[in-house]
Ligand code: SF4
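Numbering (my numbering), first residue to last: 114 to 485.
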């Protein structure tokens, strides 16, 4: 009897939520139509940061690559450059790879089962595109949805574990059944972003408050469970800036755990036990706190992992903000620009200002995928 009652109240909540969404949805550039390309780009970007932060990146990106064809034909470096500032550059490379594969196959398939076979299409992106562009009845689970469902169902899911994640997915799939998946998924996400927020949710404004278990049992502040924190690692990175005839030396990163496999400035990395006394700046990437001091001397390294690129194209090859900051640091000494010109092609090692006690600027990483 109780199960029947609960299922009736969930059906009622679903209708109320969709109605609320129709009246309150925000006008966002990727909601202007159901173009799978725009949905794909926006959902990939939204895995990196907040909706507000994504809007200018999205508009710039689709202004430069307005459709699948343009993206597929573009050089990969141009795509990575347009991604600069969003971090996780492997996503930009995968976008490009996927665009080429999708274009070769004649466009976007309409189901998440097919979409997930393309590089860079994980469960989240595949379901988003299948649901938002083609209305496939699949739930889209992001941090907002986990938070809303965990509270609404009163479930203390350990959502970072795959078994619990499957359970959340099952609930999300049930929510979109029998209604427009396009509307319901966005309604759940929108509620999480605007009303059922991580801190101080506006329960009094919530359209599904009456059916919400956490609200009724006064457990809102305790749900969802917080993910256990991963220990932060401290790292020292000593890059150097080498310029010759307008070209700059870069090194494939096979030595540091952050930005692994990407091109960086030549340098060394070392794990630290404690924060160093002096450094030029600190940058954080995922669980790595990186203390950077730009050096004047090149480390020993194999030529196989280095290459020279045009200085003016450095952003295309090395877009990571960690490196851009190191470059800015090294090039901030005006006398050195003259030294490079006068040098006429001789290897110039950029001098650097003395390390200070370090700035407090944080890295780019403001992912919105966590429900807490
Ligand atoms: S009542 Fe509060 S906790 Fe429950 S879904 Fe609404 S905003 Fe979230």
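The beta carbon of each residue, even a glycine, is placed where N, CA and C say it ideally should be. None of the values given here were measured: they were computed from a predicted structure.
Exercise for the section: Out of 154, 149, 161, 153, point me to the one whose CA is closest to residue 398's CA. Expected result: Considering only alpha carbons, the answer is 161.
Exercise for the section: Quick one: grab the DSSP three-state call for residue 187. Expected result: Here residue 187 sits in coil by DSSP.
Practice task
Would you tell me roughly how many angstroms separate the C-alpha atoms of residue 183 and residue 326, rounded to the nearest one?
Solution key: Residue 326 has its alpha-carbon roughly 48 Å from the corresponding atom of residue 183.
Practice task
Would you check whether ligand 1 has a heavy atom nearer than 7 Å to the C-beta of residue 270?
Solution key: No.
Exercise for the section: Pull up the distance between the alpha-carbon of residue 264 and that of residue 336, whole angstroms please. Expected result: The alpha-carbon of residue 264 is positioned some 6 Å away from that of residue 336.
Handout entry: Helix, strand or coil at residue 394 [DSSP, three-state]
Key = Here residue 394 carries a strand assignment [DSSP, helix/strand/coil].
Exercise for the section: Spatial neighbours of residue 190 within its chain, please: CB distance less than 6 Å, with the 5 preceding and 5 following residues excluded, ordered by chain position. Expected result: Hits under 6 Å: 429.
Handout entry: Alpha carbon of residue 456 to alpha carbon of residue 400, nearest angstrom
Key = Unreliable positioning characterises residue 456 in this predicted model, as indicated by a pLDDT of 31, which lies under 50. The coordinate reading is nonetheless provided below. Each residue's CA atom was taken as its position, placing residue 456 and residue 400 some 41 Å apart.
Handout entry: residue 217 burial status per 10 Å Cβ neighbour count (16 or more: buried)
Key = Its Cβ having fewer than 16 others within 10 Å, residue 217 is exposed.
Handout entry: Pick from 206, 212, 246, 209 that is closest to residue 224, judged by C-alpha positions
Key = For the residues 206, 212, 246, 209, the minimum Cα distance to residue 224 belongs to 246.
Exercise for the section: Go ahead and pull the three-state DSSP assignment for residue 261. Expected result: Helix.
Problem - From 123, 484, 143, residue whose alpha carbon lies closest to that of residue 290 - result: With distances taken between Cα atoms, residue 290 lies closest to 123.
Handout entry: Closest residue to residue 156 among 349, 423, 237, 396 (Cα-Cα distance)
Key = Minimum Cα-Cα distance from residue 156 among the listed residues 349, 423, 237, 396 corresponds to 237.
Exercise for the section: Output the distance between the C-alpha atoms of residue 403 and residue 394, rounded to the nearest integer angstrom. Expected result: Going by the C-alpha atoms only, they are around 8 Å apart.
Exercise for the section: Over the uninterrupted beta strand (DSSP E) stretch that includes residue 279, give me the two end residues. Expected result: First-last for residue 279: 275-289, but that is the alpha helix (DSSP H), not the beta strand (DSSP E).
Exercise for the section: Indicate whether residue 306 and residue 164 have their beta-carbon atoms separated by less than 8 Å. Expected result: Contact flag set, yes.
Problem - Lining residues of ligand 1 - beta-carbon closer than 7 Å to any non-hydrogen atom, in sequence order - result: Summarising the contact set, residues whose Cβ lies nearer than 7 Å to any heavy atom of ligand 1 are, in chain order, 261, 264, 265, 304, 308, 309, 314, 315, 316, 319, 321, 322, 325, 327, 328, 333.
Problem - residue 344 burial status per 10 Å Cβ neighbour count (16 or more: buried) - result: A residue is called buried once 16 or more other Cβ atoms fall within 10 Å of its Cβ, and residue 344, having fewer, is exposed.
Problem - Sufficient close CB pairs (3 or more, under 8 Å) joining the region 375-388 to the region 317-334 - result: Taking a cut-off of 8 Å on C-beta distances, the region 375-388 does not touch the region 317-334, as fewer than three cross pairs fall below it.
Problem - Residue interval of the beta strand (DSSP E) (run including residue 487) - result: Residue 487 lies beyond the stretch modelled for the chain, which goes from 114 to 485, so this question has no answer here.
Handout entry: Short Cβ contact (8 Å threshold) for residue 242 with residue 153
Key = The answer is yes: Cβ separation under 8 Å.
Problem - Where residue 353 sits in the DSSP three-state scheme - result: Reduced to three states, the DSSP call for residue 353 is strand.
Problem - Residue interval of the alpha helix (DSSP H) (run including residue 443) - result: 434-444 is the span of the alpha helix (DSSP H), which, as asked, contains residue 443.
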